[in-house]
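So for the sequence shown, the UniProt record's numbering puts the first residue at 1; every next one is plus one.
Cβ atoms here follow ideal geometry from the backbone N, Cα and C, with glycine treated the same way.
Bear in mind the structure is a predicted one, so any value in this text is a computation, not a measurement.
Just below is one structure, and these are the notes that go with it.
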Amino acid sequence: MSPLINAGYNFSMSAPIARTIHGAFGEILQGYTLGPSGFEHFLFTAPVEELRCRARLQRTGNAPATALTVSPADRVKALRAYELLGTDLRQPAHGGTIEIDSNIPVAKGHASSTADILATALLCVAEAYPDTPEPVAHALALSVARRLEYGDYLLHPGVAACAQRSQTLLATYETDLRWTIVGVDEGGFVRTEEFHREVPEDAGKARVYEQLFAELDAALRADDGAAAARIATHSAELHNDRLPKKSLEDLQGLKEEFGALGICVAHSGTLAGLIFSRHDGEHDERVAQCRRALDDLGYTGSTYTLKEAKRP
């Protein structure tokens, strides 16, 4: 028997395993609280159906003769995630290419790098131990993700609250909000960790954010989409002194004109958008009118669907 097989290496040439993670449209709420150990940053995710990252490993042979690479070549965090977790799991980090198939724009606030990392880490677990229970696979993926970046918790199929800097899950929600977000990208790029290193915390804001956390948690548990959207708007406005959105004033006007429920932004990104609900019988007309109005103002609007974990 080959010594590589004795060492636990498996270079099967069967169909490659793939794992998929969805991106997000900014955050419903992002902020921080002040506790005994200092400021603790949190966010409520806004995953969307239209954005997704799929990772798969294409082996190049039956021996570790070549280095592991990633395609596209700039997805270095995904490659590093596989290498780090592969070492932990004794999975070889060579002999193939990690293929990242993603339509998530980078450095905009869509959680692109977090999706890359988590999809690749889940892939590594599946390659090493195919029968790993999902909660264990998620824990292993997060163990490497938090070593590489601040990020969203994207492993729940719907909205989740998490401690941002450790990607620790705080709460998950099963909802039927049926939100549509008509969003704009203001252009440019924001690097999340660089941005957070430059943003000072404020004890007064921490008290406000603590209250908003409690209110949004209650709204999501009650399936109150209107209340949740109002909190998202408050979060966008509260954060605007740190990362101003030049579209915010226009979006506030359009919100009133077309009856949007609220405004959602990327708190460390370039995105801002209006929240509508498909529970509204005039949803389609409102969304179409809003998109035409955005075009008239010189914006290019895109439409996103909030990804939800449905209640039984």
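Query, Result
"Nonlocal neighbours in the same chain, by C-beta distance under 8 Å from Val208, ignoring five residues either side", "Gly31 and Leu238"
"Extent of the continuous beta strand (DSSP E) run through Tyr304", "Gly301 to Thr305"
"Chain-order list of residues whose beta-carbon lies under 6 Å from that of Val125 (same chain, five-residue window excluded)", "Thr132, Ala137 and Leu140"
"Three-way DSSP call (helix, strand, coil) for Phe44 in this model", "strand"
"Given Leu248 as reference, the closest of Pro130, Thr175, Glu186 and Ile231 once Cα atoms are compared", "Glu186"
"Rounded C-alpha distance that separates Ala226 from Gln91", "47 Å"
"Euclidean distance between Cα positions of Leu170 and His41", "12 Å"
"Rounded straight-line distance, which links the Cα of Val159 to that of Ile231", "14 Å"
"Length of the line joining the Cα atoms of Arg19 and Thr87", "19 Å"
"Outcome for Cys290 when other beta-carbon atoms lying within 10 angstroms are tallied against a minimum of 16", "buried"
"For Gly96, the three-state DSSP class (helix, strand or coil)", "strand"
"Straight-line Cα distance separating Tyr150 from Ala24", "15 Å"
"Proximity below 8 Å, CB of Leu51 to CB of Pro16", "no"
"When Ile100, Val287 and Ala206 are compared against Ser112, the one with the closest alpha-carbon", "Ile100"
"Contact set for Leu297: own chain, Cβ-Cβ below 7 Å, skip 5 residues either direction", "Asp250"
"Cα-Cα separation, Thr175 to Ala206", "27 Å"
"Neighbourhood of Cys53 by C-beta distance below 6 Å, restricted to the same chain and skipping five residues each side", "Ile21, Ser102, Ile104, Ala115, Asp116 and Ala119"
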